[in-house]
Amino acid sequence: MRTLARWARAEWGLLYVTVRELLLKRHLGAAPMTVTAVCLTALLQYVQNRPWGYQFVQNVGAVRAEDPLGLALLRTPLSLFVPALDLPVWGALAQILLVFGIAEICLGWWRTLTIAYVATLAGTLFARLGIALGPHAPFGLPWTDAHVVDTGPSAAVVGLAVFVAWRYGAYVTAGAVTASMVAEVLLKENLAGKEHLAALMAVGTLCLLVAVRHRHGYRLRRRHRWPGSRSGRGSGLPPIQS
19 MRTLARWARA EWGLLYVTVR ELLLKRHLGA APMTVTAVCL TALLQYVQNR PWGYQFVQNV
79 GAVRAEDPLG LALLRTPLSL FVPALDLPVW GALAQILLVF GIAEICLGWW RTLTIAYVAT
139 LAGTLFARLG IALGPHAPFG LPWTDAHVVD TGPSAAVVGL AVFVAWRYGA YVTAGAVTAS
199 MVAEVLLKEN LAGKEHLAAL MAVGTLCLLV AVRHRHGYRL RRRHRWPGSR SGRGSGLPPI
259 QS
């Protein structure tokens with residue numbers, strides 16, 4: 019048990035302390051964007067399940083690979099908060115509340131939204147590529163997937179979970195999320211699973227760019243340090259809340 023506790027502290031300690039401190043200090047005010055996103059998702063779920071609201075939600079937030087690219091890109095931002103009709107809405111609400119909330123506290127609201135949209139957009143664009151490749155290609159998709167309504171926060175949630183875990187040194191968690199997405203595709207090849215992999219690749223590229231940027235910045239600081247000045251610890255990545 020002590021070994022497990024030490025591992026948990028090493029894996030999630032920094033993340034836990036960061037989230038706990040801001041929650042104790044600000045409560046729900048620590049993640050206003052997340053609260054808004056949960057309310058928006060619940061509202062869209064209510065509207066799309068009404069006869070008068072279904073078509074409206076489809077028109078503003080439903081993305082399909084068969085749609086013109088420009089129209090799909092316009093609908094993509096809102097599609098993130100439109101729950102899939104074939105899945106229970108509480109799952110989408112819980113994912114947003116937990117993962118978006120942690121990400122907003124740790125990264126700030128605009129970075130959280132940026133990463134969420136990068137992941138979602140990667141999945142949306144991959145669907146078109148996969149259909150163009152065809153079902154017999156390694157990452158291809160059947161043409162019938164062009165008609166599938168592609169909405170919900172799952173790709174964004176996967177991307178945010180991996181980015182935050184990487185940023186705060188929870189590398190086992192990041193690896194576990196990635197492995198589970200790979201297993202999902204191996205066990206059940208479908209549009210959602212492959213879009214999750216596309217989201218992971220996009221966020222992985224983002225992690226690499228951030229790491230290179232910080233390493234380059236650290237080298238520049240060392241090169242231009244005044245003679246005789248003491249070297250600081252450099253950028254250890256985490257503290258980024260805003």
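FYI, in my numbering the residues of the sequence shown are 19 to 260. Even for Gly, the Cβ is constructed at its ideal location relative to N, Cα and C.
In three-state DSSP terms, what is tryptophan 30? helix
Grouping DSSP H, G and I as helix and E and B as strand, with all else coil, what is valine 167? coil
Helix, strand or coil for arginine 251 per DSSP? Confidence at arginine 251 is low in this model, with a pLDDT of 43, below 50, so the placement of that residue is unreliable and no value is reported for it.
Say whether the stretch 207 to 222 touches the stretch 128 to 148, bearing in mind that this needs 3 or more beta-carbon pairs closer than 8 Å, one atom from each stretch. yes
Leaving out the 5 sequence neighbours to the left and right, which residues in its chain are closer than 7 Å to glutamate 122 when beta-carbon positions are compared? Ala49, Met51, Thr52, Thr130
Where the alpha helix (DSSP H) containing tryptophan 128 begins and where it ends: 127 to 151
Going by the CB atoms, is the gap between leucine 143 and valine 100 shorter than 8 Å? no
Can you tell me whether DSSP reads lysine 212 as helix, strand or coil? helix
DSSP state of asparagine 77 mapped onto helix, strand, coil: helix
If you run the structure through DSSP and keep just helix, strand and coil, what is glycine 158? coil
In chain order, what residues of the same chain have a beta carbon less than 8 Å from the beta carbon of arginine 82, not counting five sequence neighbours either side? Ala90, Ala164, His165, Val166, Val167, Asp168
On the CB-based measure, 16 or more other CB atoms within 10 Å of its CB, does alanine 28 come out buried or exposed? exposed
Go ahead and pull the three-state DSSP assignment for leucine 226. helix
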